[in-house]
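Trainee: The following block contains the structure, expressed as structure tokens.
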Amino acid sequence: MPSVSVRPLDTVTEKQSTKLRVLIMQSAHGLFVSSGGFQANLYLADGLLKSGHEVKMIALGLEEEVKVFGEYTKETLRLGPSNHFRLYRHSYNGIDTVTININDWRKLFDEEGAKRRVGWIENLDRFPELSIYEQFVIGELKAYRPTHFIFNDSVSLKISRNTSDLVKVFICHACEHLSFGPYGGLFEASKSDVETERLRKVDGIWVVSQAIQRYMLKFGNIESTHLPIHPKSFIRGNGAIPVYNNFDRKHVVAINPGSFKGFHILHEVSQRMPHVEFAAVKSWNLNDYQISLLEKEKNVTIMDTFRNMEELWSQVKILIVPSVWYEAFGMVAVEAMLRGIPVLVSNVGGLPEAKCGMKRGVIPVNLLTGERCEDPDYNEKYGPYLIPEQNADPWINAIEELYHDQAVYESHRQEGLVASRNFIQKVDTTCYERWLMQLYSKKLASTTLGSTSRITANAPCPLPAVTGTSVAKNNSVKAIKV
1 MPSVSVRPLD TVTEKQSTKL RVLIMQSAHG LFVSSGGFQA NLYLADGLLK SGHEVKMIAL
61 GLEEEVKVFG EYTKETLRLG PSNHFRLYRH SYNGIDTVTI NINDWRKLFD EEGAKRRVGW
121 IENLDRFPEL SIYEQFVIGE LKAYRPTHFI FNDSVSLKIS RNTSDLVKVF ICHACEHLSF
181 GPYGGLFEAS KSDVETERLR KVDGIWVVSQ AIQRYMLKFG NIESTHLPIH PKSFIRGNGA
241 IPVYNNFDRK HVVAINPGSF KGFHILHEVS QRMPHVEFAA VKSWNLNDYQ ISLLEKEKNV
301 TIMDTFRNME ELWSQVKILI VPSVWYEAFG MVAVEAMLRG IPVLVSNVGG LPEAKCGMKR
361 GVIPVNLLTG ERCEDPDYNE KYGPYLIPEQ NADPWINAIE ELYHDQAVYE SHRQEGLVAS
421 RNFIQKVDTT CYERWLMQLY SKKLASTTLG STSRITANAP CPLPAVTGTS VAKNNSVKAI
481 KV
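Note that the UniProt record's numbering has the sequence shown beginning at 1, numbered continuously upward.
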């Protein structure tokens, strides 16, 4: 199988005098999820680590996932009489990591807990369990003494108000993480002026696309810095990218094609093209009801999430990304193009940017307006937003041509290969480090070192090394109450 090598991604061209210590909060549910935000954060951490800096993560996952990385310790964070978080301390490919058991997290933030969380975020409601979690994170910050605190969720944003001497960085991977605009305030975010004001007070806002940068300026009047996603996020390996010629494969694949991600388009297209084999890869936006409808189509295969994405890419003839949501970017589009797979995307948010300058294969859709539906039955089946009617014809025409005409297929895949390779080769991978250093220097200039603050140990100055967490063998994991 042919492969293409890319230039080293983590070389630092200028020796830095200060070692950064960065604590990154991961909000994705799992340690091996395909979430673009999770992968982008992960490879940011990996790049900083390889540049000589120190990185720690707090993540969500399962003990079975933690075991993959070898040795770990186990602790229990008591949240009251009926709730607790099991915590696992381990290394994630060299990154010091604390993983919170995702089932415990979901139990606390059930439907009622999610409502209370929004009230807590907006200072309207007490949530003692969440306040204990806040103290846990503050304790981790005090113990680790980072220079930078990086996060992308509303809970961490509120916690950051207690870290006045840290460089606070909000990474916006999706507009639904924001508290303003037509697509803000979804899932774990609130939609309030209180949260927007907190966002204005962070030291840096990093957006992963020009589309999100425009959104923040238009709806929040907030300036941000656009830095591209780290190229390694698309490579996921040692630098050699497998290149496939999958014309003889059969599946037109959509990943996570729930309501926001184009379920209605995929469903109609599969019904109108019974001679074409489709596959839908499960993830958070594709619910059981939608899966049941797709399973009724004889030409649709439902696939589980892939821990190793190469197992998926080797099967994909065409990737479609028919989202009707204001997407931040679209990492899977770049990943597929780098591997020689033709990609069709909708023309919403940052998806056209993910085509790496390639105009072919960008298809118009009717974007969600942000109007919400109050019908409980509709909400259960399709989520909180009204989905506009869509025209499936352009998708059918594009798929038909690529699926049956090998010359068109080859032309499309070659154009995608060139565009995506050029895209990642042009990214200066020292930009993240330089930007974090600039924020650090600015913080130093505005902070009186040694002054008393709510977290006095976090003054942004050169820091000594931290002793690594002791770990236990998998077969003799200790239980420690925190």
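Backbone N, C-alpha and C fix where the C-beta goes; we use that ideal spot for every residue, glycine too.
Distance check for H404 and N287, CA to CA, integer angstroms please.
Mentor: Spanning the two alpha carbons is a distance of roughly 31 Å.
Trainee: Taking 9 Å as the cut-off, decide whether the C-beta atoms of I51 and E311 are in contact.
Mentor: Going by the sequence as given, residue 51 is Ser instead of Ile. Contact: no.
Trainee: Where do the ends of the alpha helix (DSSP H) carrying T301 lie?
Mentor: T301 -> not in any alpha helix (DSSP H); beta strand (DSSP E) instead, spanning V300 to M303.
Trainee: Buried or exposed for A254, going by 16 or more other Cβ atoms inside 10 Å?
Mentor: The residue in question, A254, is buried, as its Cβ has 16 or more Cβ neighbours within 10 Å.
Trainee: For a test of the three-state rule: what should DSSP assign to H53, helix, strand or coil?
Mentor: H53: coil per DSSP, three-state reduction.
Trainee: Contact defined as beta carbons within less than 8 Å: I believe R198 pairs with K158. What is the distance between those atoms, to the nearest angstrom?
Mentor: Yes, they are in contact, since the Cβ atoms of R198 and K158 sit about 7 Å apart, within 8 Å.
Trainee: Given a cut-off of 9 Å on the beta-carbon distance, is the pair G184 and H177 in contact?
Mentor: Against a cut-off of 9 Å, the Cβ pair of H177 and G184 comes out as a contact.
Trainee: Measuring straight from C-alpha to C-alpha, what distance separates V471 and F247?
Mentor: Unreliable positioning characterises V471 in this predicted model, as indicated by a pLDDT of 39, which lies under 50. A coordinate reading is not provided.
Trainee: My parser needs the alpha helix (DSSP H) runs of 4 or more residues fully inside the region 53–113; what are they?
Mentor: If we require 4 residues or more, the alpha helix (DSSP H) runs fully inside the region 53–113 come out as 63–67 and 102–108.
Trainee: Less than 9 Å between the C-beta atoms of I399 and I302, yes or no?
Mentor: No.
Trainee: Could you give the C-beta distance for I396 and V269, rounded to a whole number, given that I count them as a contact under 8 Å?
Mentor: The pair is a contact, with the Cβ atoms about 6 Å apart (cut-off 8 Å).
Trainee: Looking at the unbroken alpha helix (DSSP H) that takes in F325, where does it start and where does it end?
Mentor: Note that residue 325 corresponds to Trp in the displayed sequence, not to Phe. Careful: W325 lies outside any alpha helix (DSSP H) and carries neither H nor E.
Trainee: Give the DSSP-derived three-state secondary structure of P376 in the structure shown.
Mentor: Reduced to three states, the DSSP call for P376 is helix.
Trainee: Of the choices I100, V155, H148 and V33, whose alpha-carbon is the least far from that of F127?
Mentor: Nearest C-alpha to F127: V155.
Trainee: Below 8 Å on the Cβ atoms is my contact criterion, and I expect D165 with T447 to pass it. Report the Cβ-Cβ distance as a whole number of Å.
Mentor: Contact flag correct, Cβ pair sits at about 6 Å.
Trainee: Quick check on DSSP: helix, strand or coil for W395?
Mentor: If DSSP states are grouped into helix, strand and coil, W395 belongs with the helices.
Trainee: Does the beta-carbon distance from S34 to F263 come in below 9 Å?
Mentor: No, the pair does not count as a contact, with Cβ atoms beyond the cut-off.
Trainee: Hey, which unbroken runs of the beta strand (DSSP E) at 3 residues or more fall wholly within the region 386–442?
Mentor: Fully enclosed beta strand (DSSP E) runs of 3 or longer: not present.
Trainee: Check whether the region 212–230 and the region 377–393 touch, using three or more Cβ-Cβ pairs below 8 Å as the test.
Mentor: No, they do not touch.
Trainee: V365 to G349, Cα distance in whole Å?
Mentor: V365 and G349: Cα-Cα distance of roughly 11 Å.
Trainee: Counting Cβ pairs closer than 8 Å, one from the region 111–128 and one from the region 85–103, do we hit at least three?
Mentor: At 8 Å Cβ cutoff, the stretches do not touch.
Trainee: I need the DSSP call for R198, collapsed to helix, strand or coil.
Mentor: Reduced to three states, the DSSP call for R198 is helix.
Trainee: Taking only the alpha-carbon atoms, compute the straight-line gap between V300 and A279 and give it to the nearest angstrom.
Mentor: Their Cα atoms are separated by approximately 5 Å.
Trainee: Would L31 and G61 qualify as a contact pair, given that the criterion is a beta-carbon distance under 9 Å?
Mentor: Yes, the Cβ-Cβ distance between L31 and G61 is below 9 Å.
Trainee: Grab the span of the alpha helix (DSSP H) containing K158 for me, first residue to last.
Mentor: Residues S154 to I159.
Trainee: Quick check on H275: buried or exposed, where buried means 16 or more other Cβ atoms within 10 Å of its Cβ?
Mentor: Exposed: under 16 other Cβ atoms inside 10 Å.
Trainee: What three-state label does DSSP hand I229 in the structure shown?
Mentor: DSSP places I229 in coil when its eight states are reduced to three.
Trainee: Thinking C-beta only, is S233 closer than 9 Å to G36?
Mentor: Closer than 9 Å, so yes.
Trainee: To the nearest whole angstrom, what separates the beta carbons of V208 and A59, a pair I think is in contact under 8 Å?
Mentor: The Cβ separation is near 19 Å, so there is no contact.
Trainee: By the three-class DSSP mapping on this structure, what secondary structure does P8 have?
Mentor: Residue confidence for P8 is low, a pLDDT of 33 falling below 50, so the modelled location carries little weight and cannot support an answer.
Trainee: For the candidate residues D104, P384 and K168, whose alpha-carbon lies nearest to that of S441?
Mentor: Of D104, P384 and K168, the residue nearest in Cα terms is K168.
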